[in-house]
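> Residue numbers (this note's numbering): 14 to 107.
Just so you know, even glycine gets a beta-carbon here, dropped at the ideal spot from N, CA and C.
Please read all numbers here as calculations on a predicted model, not as lab measurements.
First, the structure itself, so that you have it in front of you.
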Amino acid sequence: MTQLENNKKRQPRTVRRPVGEPLGKIVCPRCGNSAHFVEQLESVLVSTVYRQNLDGSFTPVEQRSEAEGERTLFCGECGYDMTPFHEHFQDMSF
Ligand SMILES: [Zn+2]
């Protein structure tokens, strides 16, 4: 293998990828759960646009939410911190 090909190799990442069975699935190392996970956002800014009506009352027109800060991922069964798998989780969320 040439040096150029070596350079093309993926850079080492701190993100963890699931390697267990079945392949590509996250499994909680503490309780074995592979079905339920909880994502937590440090803070979410929610903005709601209101229209004031002729009688002075307000009607919500549109709601926007923006996530800010750290996102963490936990096992949904025992609460184990699975954040190292968060990027994988996002890639596979659809
Ligand atoms: Zn667990």
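1. My output table needs one value for R23: the three-state DSSP class, helix, strand or coil.
2. Would you check if there are 3 or more beta carbon pairs closer than 8 Å linking the region 36-52 to the region 87-103?
3. Would you report the Cα separation of L58 and R64, rounded to the nearest angstrom?
4. Going by DSSP in three states, P31 sits in which element: helix, strand or coil?
5. Just grab the DSSP bridge partners of V51 for me.
6. When the Cα atoms are used, what is the spatial distance from D104 to G37?
Looking at the coordinates:
1. With a pLDDT of 48 at R23, under the threshold of 50, the predicted position of this residue should be treated as unreliable, though the coordinate-derived value follows. Collapsing the DSSP output to three states places R23 in coil.
2. Output reads yes: the region 87-103 touches the region 36-52.
3. Annotation: L58 to R64 spans about 20 Å, alpha carbon to alpha carbon.
4. Coil, per DSSP.
5. In the DSSP secondary-structure assignment, V51 is bridged to F87.
6. Going by the C-alpha atoms only, they are around 12 Å apart.
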